[in-house]
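Have a look at the structure below before the remarks.
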Amino acid sequence: MKMNENEKTFGNITIKVKKKKENCAHTDNVCDLTSNDSGVFTIEARINKIIQTRGPTIFKIEDDTGAADIAGFVSPGERAHPEIGENDSIRARVKIEMRDDKKRMNITEVSKIEDISLKLDKIMDTAEESVRDINFTIKSSVLDALKGRFISASALIKKSIYEGRQVLIRHHADMDGYAGAIALEKAILPLIKNRFGERDMWFHFDKSPSTTPFYEYKDVLKDLAFAKRNIERFKRVEPLVILVDNGSTEEDLLSIRKARLYNIPIIVVDHHFTEVKDGKSVVDPYIDVHINPYLKGGDKNLTAGMLAYELSRIINPTVDDMKILPALAGVGDRSEGSEFEQYLEVSKRDKEHLKKIATCVDYEASYLKFMQDSGLVCDLIVGDEKSTALVDLLYNEIQEIIRVQTKVLLNYVDEKTLKNDVIVALIDIAKSTLRGDFPGPGKAIGILNDGLNEKHGVKKIVAIGYGSDFITLRSNSSCEKMGFNVNLFVARLQKDMPYGMVSGGGHEVAGSIRFVENAKDEVVEKLVGYIEEL
Amino acid sequence: MKMNENEKTFGNITIKVKKKKENCAHTDNVCDLTSNDSGVFTIEARINKIIQTRGPTIFKIEDDTGAADIAGFVSPGERAHPEIGENDSIRARVKIEMRDDKKRMNITEVSKIEDISLKLDKIMDTAEESVRDINFTIKSSVLDALKGRFISASALIKKSIYEGRQVLIRHHADMDGYAGAIALEKAILPLIKNRFGERDMWFHFDKSPSTTPFYEYKDVLKDLAFAKRNIERFKRVEPLVILVDNGSTEEDLLSIRKARLYNIPIIVVDHHFTEVKDGKSVVDPYIDVHINPYLKGGDKNLTAGMLAYELSRIINPTVDDMKILPALAGVGDRSEGSEFEQYLEVSKRDKEHLKKIATCVDYEASYLKFMQDSGLVCDLIVGDEKSTALVDLLYNEIQEIIRVQTKVLLNYVDEKTLKNDVIVALIDIAKSTLRGDFPGPGKAIGILNDGLNEKHGVKKIVAIGYGSDFITLRSNSSCEKMGFNVNLFVARLQKDMPYGMVSGGGHEVAGSIRFVENAKDEVVEKLVGYIEEL
Amino acid sequence: MKMNENEKTFGNITIKVKKKKENCAHTDNVCDLTSNDSGVFTIEARINKIIQTRGPTIFKIEDDTGAADIAGFVSPGERAHPEIGENDSIRARVKIEMRDDKKRMNITEVSKIEDISLKLDKIMDTAEESVRDINFTIKSSVLDALKGRFISASALIKKSIYEGRQVLIRHHADMDGYAGAIALEKAILPLIKNRFGERDMWFHFDKSPSTTPFYEYKDVLKDLAFAKRNIERFKRVEPLVILVDNGSTEEDLLSIRKARLYNIPIIVVDHHFTEVKDGKSVVDPYIDVHINPYLKGGDKNLTAGMLAYELSRIINPTVDDMKILPALAGVGDRSEGSEFEQYLEVSKRDKEHLKKIATCVDYEASYLKFMQDSGLVCDLIVGDEKSTALVDLLYNEIQEIIRVQTKVLLNYVDEKTLKNDVIVALIDIAKSTLRGDFPGPGKAIGILNDGLNEKHGVKKIVAIGYGSDFITLRSNSSCEKMGFNVNLFVARLQKDMPYGMVSGGGHEVAGSIRFVENAKDEVVEKLVGYIEEL
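Rendered as structure tokens:
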């Protein structure tokens, strides 16, 4: 990492460094300590923490170019340089050498100096300045309106890496969520590797799927327990949490607020509907950066995977491009409109091919559940020979499953034509699929809907799958035109059946509803009634 | 750790040390090796084990003040001092120095001596003597009667730490269990840190919740598998298991006996009913120390958390006091009586405040399940600013959930007044709650009971929630006065319906019953009959 | 490890080594580097990989006797010997010494030489030659016909250890599977210990139970994610997977093919039915070695545990013999016939004693589920004092459970005698057992079958236990003689009820069937009809 004496580069952010040259003495920077394996350097830095080991005393120092641990030694276990305390600023001569494959940075001279003004807090501003001319992959007024948030998110990620925080990506376990998480991983890991080396890199990064489309309370507990453990046992700092395809809704609120009370910085990259009042979403008071199309008049068609892809390019423009990711994200979430079309073109793949991959990723995700995949999903996407073979293997398997599943669904479905000519297809979907296997109820009702559309042609059809305590439904655009909207129906139920504990929703004509088992018959009846009145 | 030459202090146990002064030679103690980082010491000790590494030969030695590993070296991999074997007693000169941040203790001279009489085995007696004047926080004849057991438990814990055993706390995952486990953790961890240092401390301690109120067979398998792994792969010894709010019942027996066959020392601190015959409980033959009020005429109102709190003060009187813990434990388990009142006073909090915290801990525990919490529960208790904010956040959430849940329960409940004027409120509780979410069935039936009491005022009410294979019920003191006792009812069922595989029980008017699904209707019918006959 | 100058012994394979003696210079072998802790050696080897650390440069070398990492050093982080690249062959002088308990192998001289012809690829052939005179424990024409496959499997295992692959045993979680896995573990671990030392041994071995009798997709994902992690983060190679009592059926196919695409070598040791066409099973194209009696005209009575036992003796004849294992495997799977009888004799135990152990292992396995047991199951088998005590403890517990469970089953069973005098005993087995507890449905239906046979004496009885989406059934030999075969019935259902998603099978008169819940009544009805028509 060669640098101009007056400029320090960190990722794609260039920071102007005003060198302190008191008494004509030459001063190096802390990043020189981290980037060299031998030599003698003179640095000026602030001490953040002092740790007394059974051997030397460790001083955790920082200037505006980096952070390092330097050691002072008098005798084993004795506090070196007791005149110097935490939060002091120092000028120190540090000798670096390798001993037994370990790098040692020992203080040979040290003195207190006047408080140096750390520019750390200004990194975010600097960053914003330096990336003012970012270009998105596609033309989109919503993206443009969100530009400031992208810049803030990128800066916060870099600042967090700089501070030694673990970057923890929590993403929805579907194609869209995986695409976004993979894009961010590819951009962030090289920066971490740069700062902490290949061996320590994995302590600073983690990526976990959430099986729900929101940040479940048990997930935040898992993350907090892990973070607390690292802080207490290994003197780490709080992680940065990035929620991808999760994080914008009321259902995320408790988990986000809990994390916030533990001083966890949070970035949300989501495209789930979030109510906006005075330009603010309900989660905004508790997070650092919120990227969501609904904040700027956009909608779900600009998916989380697309947003995360654009963010990844801002964070790290030099990273291997995976142009297929935003298109895959869109296909996975059935995105429509100009943005999707542009991403499709960018990807240079045809839609059928993308659908095939997305189907395989859904299958994989349904068996991975909350398991970390170590790149198994990415292997389906990259497009090399192995990737193609993996997709072929899974896709053939899935096609066969769908063929059989369709027979089951068409056999047990109960169709009736309502007065307004809508065909309502009712099925106990839990009793018509194999528990724990692919396809799950939501996927299966999609398969049934496809089968019914094929059978009936252009008719108004609503496929309704119920289980003991849920409904999952899927319809088509002709019903959407009639005004069908599962979110409105859920809102009505919540009012009419306060004793039903009803929740849920989704996209207008594809969603799910949850309730207590006792309420099932009434909910199903009311749903059919609602459709008949459209 | 400065010490008088004739006394050694270990925790709060002071051990009189008879110094060997043969040939006028000065003799140090093994604890001097562990507490110094440099110098030359002459010790007399017994060799427990000799390990030949590819480098030096390691001698694991011990005297009555501590244990240490000292190294002998001839050439790499060659056995040093072959004339000395395991179980020999030696006099050795040991040089301590730090090299590369690691402490090295090398033998410079060594000779065999006559067998030194290890006082290790006497530590427990010594301990009992030295802590004879322990004072409990409150006045309680039951505590007084259990005093000897507290002393034995404390001594065994210290002996186990001394021997390098991992201390493994297994506690019931409710407020009472968490309170007890936290109290013990706060007392034990500093002792471990003293002996093994901060870095290795966590290898010597573990704390895991059990979702059942007994030591489940799958939990003991997990613990044994882990212990075996440590023993085989890392040459560790068997752990000490402390069961908190678990361990006293027949249901614990199989797991305890299994652990016992693996030579695991076990301490039980519990307040669940245990049948006592000739002063012995059913589990006594298989455990080392049993602390339970029923052993000395007390009852469940002296909860496990209270007992563990008193034990923690005996183990380590210098530890930061958490006077809130026994009161919280009592509130969590609806304890009543003199002991609880005294703890309430000691805590200096009002009962409503404690209830609020206990409610939050229950909520947290229901999502943590068997997950280790790394202190998340403790954070709700400590009472600082963050703690207050966390409790406020959760408590508001819970109040809203209870408000909604109450509506659901009152809508689906089926009330009938029996001939003896008892109102029986029946509900399919599994179908009236959201699976996997808070509140679970037991908690929900408590909420229903509260709602019914509010609705009907001072009436005799029994709230009965059934699922496909269980019943959970809650009543009030007026029914208790009529003689209602779920334990007696379960005993009757076991006799009348041997084909029902009925088990369960609990406190008199609050408990749960489990059976095979086929028996459900008959059990419910018999329960209503039992109540009608009261 | 003393060796003849012209022969190298690796496990029980002796490899003839042609020494290179160019210019009369003495040449040592790479295995001399790994087996000595000091000295200076001259080796000729191929460089597989070069890793630049912040300290020295690491050269991963290999010859036909072993592999090692040797270090070159100029200055910290500088590439040593830049003239030498990966895949080059070298002649090097290596100095070995211990520093700070770590073994260091430093290059003092090195030069490129002509490509040495690695004999690595020939190890398998050599192995086959060297073990030509293997003797099985028993007389069995099927074993004899499989001999070549045993030799190949043994050679592949040794080659994999040699290459540094982790050996990952995936076995069915029943007595047969555990017996096989334990036999292999006992044979393989010493070889790994020989090559990598005791401390690193466990990185090279793993053993996990699968709760299904096939290699579930979620299990292969877990294994692949773990393998990828090791490869990416710790520069490991792909593991060798050995499937025991799993792997031969269509249901294994997807997982095996997936693993294959990740270049995982696979050995299958199974006795589940596999269709053979032209001497090939359906899984053969995707695995390396397949050992299954059906491949050579044998059947399920030669169980996986027996096969694995024989394999273990070929891999490592010096290992402590556990003659009880194949007999236990046979008892667990109700094996009959000459092979089983011989193993029974070899074991020198009576059948009742073996049944007792097998029952305990089944109990243990049902609570361990997919948990690694660290030897808990083995502890039930070894036959020492502790083992006997453990078995007694569990067996008494199990007998009591069976006594109670029998009462439940006989109370709720619904018997009817069909026109052909077969007694069909129908029971909702899920509603007649305690969920999650021992016995599970399959075990329970066996208990019912035993109870019915005792009650009715020599009659034709079929015990049918149904749950919401499965049937488990057990009958006796008189029904087998009538032609009862659950596999044929499943095949018929798959044809007659394509909408039922029916799968399953098993042994002729003991098996299970799975279907979508909606199909239950029809499947039960058809099953009774099928039996009536026998």
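Chains as they are written, first to last, in this note's numbering: chain A, 1 to 534; chain B, 1 to 534; chain C, 1 to 534.
Positions of the beta carbon are idealized from the N, C-alpha and C atoms, including for glycine.
Just so you know, these numbers come straight off a predicted model, no measurement behind them.
Name the chain B residues that come within less than 7 Å of residue i, Cβ to Cβ?
{"i": "residue 77 of chain A", "result": "37"}
Just reading off the alpha helix (DSSP H) that residue i is part of, what are its end residues?
{"i": "residue 306 of chain A", "result": "304-315"}
{"i": "residue 531 of chain A", "result": "520-532"}
{"i": "residue 234 of chain B", "result": "217-234"}
{"i": "residue 340 of chain B", "result": "338-347"}
{"i": "residue 146 of chain B", "result": "No alpha helix (DSSP H) contains residue 146 of chain B, which DSSP labels as neither H nor E."}
Output, in chain order, the set of chain B residues within a Cβ distance shorter than 9 Å of residue i.
{"i": "residue 412 of chain C", "result": "499, 516, 518 and 519"}
{"i": "residue 334 of chain C", "result": "Within 9 Å Cβ-Cβ: nothing; residue 334 of chain C doesn't reach chain B, min ~26 Å."}
{"i": "residue 469 of chain A", "result": "431, 434 and 435"}
Using a Cβ-Cβ distance cut-off of 7 Å, determine whether residue i contacts chain F.
{"i": "residue 367 of chain C", "result": "In the structure shown, chain F does not exist; the protein chains are A, B and C."}
Counting only beta-carbon separations shorter than 7 Å, does residue i have a partner in chain C?
{"i": "residue 526 of chain B", "result": "no"}
{"i": "residue 253 of chain B", "result": "no"}
Beta strand (DSSP E) containing residue i: first to last residue?
{"i": "residue 466 of chain C", "result": "461-466"}
{"i": "residue 504 of chain C", "result": "503-507"}
{"i": "residue 106 of chain C", "result": "102-113"}
{"i": "residue 42 of chain A", "result": "39-52"}
Using a Cβ cut-off of 8 Å, pull out every chain A residue sitting near residue i, in sequence order please.
{"i": "residue 397 of chain B", "result": "254"}
Closer than 6 Å: is that where the CB of residue i sits relative to any heavy atom of the ligand ADP?
{"i": "residue 455 of chain C", "result": "Absent from the structure shown: the ligand ADP. Ligands present: none."}
Taking 7 Å as the threshold (beta carbon to beta carbon), is residue i in contact with chain B?
{"i": "residue 60 of chain A", "result": "no"}
{"i": "residue 322 of chain C", "result": "no"}
{"i": "residue 407 of chain C", "result": "yes"}
{"i": "residue 103 of chain C", "result": "yes"}
{"i": "residue 236 of chain A", "result": "no"}
{"i": "residue 98 of chain C", "result": "yes"}
{"i": "residue 233 of chain A", "result": "yes"}
So that I know if they touch, is there some Cβ in chain A lying closer than 7 Å to that of residue i?
{"i": "residue 452 of chain B", "result": "no"}
{"i": "residue 218 of chain C", "result": "yes"}
{"i": "residue 168 of chain C", "result": "no"}
{"i": "residue 493 of chain B", "result": "no"}
{"i": "residue 225 of chain C", "result": "yes"}
{"i": "residue 191 of chain C", "result": "no"}
Applying a beta-carbon distance threshold of less than 8 Å, which residues of chain B neighbour residue i?
{"i": "residue 547 of chain C", "result": "Look at the range of chain C in this structure, 1 to 534, and you will see that residue 547 of chain C is not part of it."}
{"i": "residue 228 of chain A", "result": "374, 375 and 376"}
List the residues of chain C that residue i touches, going by C-beta distances under 8 Å, in chain order.
{"i": "residue 390 of chain A", "result": "258 and 261"}
Exercise. For the region 417-433 of chain A, which residues have a beta carbon sitting closer than 8 Å to at least one beta carbon of chain C?
Worked result: 428, 430, 431, 432 and 433
Problem set entry | chain C contacts made by the region 371-384 of chain A, where a contact means CB separation under 7 Å | For the region 371-384 of chain A, residues whose beta-carbon sits nearer than 7 Å to a beta-carbon of chain C comprise 371, 372, 373, 374, 375 and 376.
Exercise. Which ranges would you report for the beta strand (DSSP E) in the region 370-457 of chain B if only whole runs of at least 3 residues count?
Worked result: Those beta strand (DSSP E) runs which fall completely within the region 370-457 of chain B and span 3+ residues are 414-417 and 423-428.
For this session: Scan the region 161-201 of chain A and note each continuous alpha helix (DSSP H) run of 4 residues or more that stays entirely inside, going in chain order.
Result: 175-200
For this session: Would you list, in chain order, the members of the region 43-56 of chain A that have their beta-carbon closer than 9 Å to a beta-carbon of chain B?
Result: 53, 54, 55 and 56
Exercise. Which residues, taken in chain order from the region 353-364 of chain C, show a beta carbon closer than 7 Å to some beta carbon of chain A?
Worked result: none
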